[in-house]
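S.K.: In order, the protein sequence lines correspond to chains A and B. Read in order, the letters of the first sequence are residues 1 to 84 in our numbering. Read in order, the letters of the second sequence are residues 1001 to 1135 in our numbering. Here a beta-carbon is modelled for each residue, glycine too, at the ideal position from N, C-alpha and C. Handing you this structure, nothing more for now.
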Amino acid sequence: MESIDAKCTPLKREYDECFNKWYSEKFLDGKESSDCTALFKTYQKCLRQALKEKGLTKMIDDARPAIGSVFANYNDDNKVEDNE
Amino acid sequence: MRLFEATHVFKHDWETVSLANWRKYPNDQTPHVRHVEILNQDVDPATGILRTERLIMVRQNVPTLIRKIFGGDTSYVLEYSEVDPRKQTMTMQSQNMTFSNLLSVGEYITFTPDPENTKHTLFTQSAQLKASNAL
């Protein structure tokens, strides 16, 4: 499946592959720390840029309360990146 | 406001069903689902719960007139899920972000081992639909 921005597709695929493997072989067995953090960061960097370019960040921020998401809003971008 | 509910038993264990959820897209039955992106994902160190936020983009071929009325053929859904591997529960909550001025659909899904047969998985789904006066 392609990413919303073609530039991010290979990064997304790499992360998805890593995630599926970690999830089935480690997470479900109780090994909770992810193997895929570095891949995730790379994918996210690309994706966030794409979301900004497409003007989707506000729409996503506004929808978070309705679904009970615990994640920080994109307009708190700087805070989120510092925590990494 | 309308409330819809459904339940189903999958004849597979919870671990298999929860993994299948992550591998669901793309598939032939849902060609309208074009993109699924992970916006956020982490494991809460205190509880061991996997938390994920996903953006789902849907586009289908609609007649031009419909597209003009609704203002487009592309819609976005935001989904937040939690997987608790210790308790074997997976919960997902989603909401459409586009066209919500016309129709708002919030869906809540759970996957747990079937209490009557722990080798099977119980799926429950409930959806709340709110139509605006514009419709």
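Can you grab the Cα-Cα spacing for the pair Ile4/A / Arg64/A, in whole Å?
M.R.: Taking the straight line from one Cα to the other gives about 20 Å.
S.K.: Taking C-beta pairs closer than 9 Å, name the residues in chain A that Leu1078/B reaches, listed in chain order.
M.R.: Met59, Ile60, Ala63, Arg64, Ala66, Ile67 and Ser69, listed in chain order.
S.K.: What's the C-alpha gap between Leu1065/B and Gly1071/B?
M.R.: Between Leu1065/B and Gly1071/B, the C-alpha separation is close to 10 Å.
S.K.: Taking 8 Å as the threshold, find out whether the segment 1043-1050 of chain B comes into contact with the segment 43-54 of chain A through three or more Cβ pairs.
M.R.: They do not touch, by the three-pair rule.
S.K.: Apart from the five residues on each side of it in sequence, which residues of its chain come closer than 6 Å, Cβ to Cβ, to Leu11/A?
M.R.: The answer, listed in chain order, is Thr42, Tyr43 and Cys46.
S.K.: Could you check whether the Cβ of Leu47/A sits closer than 7 Å to any Cβ belonging to chain B?
M.R.: Judged by the 7 Å Cβ criterion, Leu47/A is in contact with chain B.
S.K.: Taking just the CA atoms, how far does Tyr23/A sit from Glu2/A?
M.R.: Glu2/A and Tyr23/A: Cα-Cα distance of roughly 21 Å.
S.K.: Measuring alpha carbon to alpha carbon, tell me which residue in Gly68/A, Glu17/A, Met59/A and Asn73/A is nearest Thr37/A.
M.R.: If we check each option's Cα against that of Thr37/A, Glu17/A comes out closest.
S.K.: Pull up the distance between the alpha-carbon of Pro1063/B and that of Val1009/B, whole angstroms please.
M.R.: Each residue's Cα considered, the two are about 37 Å apart.
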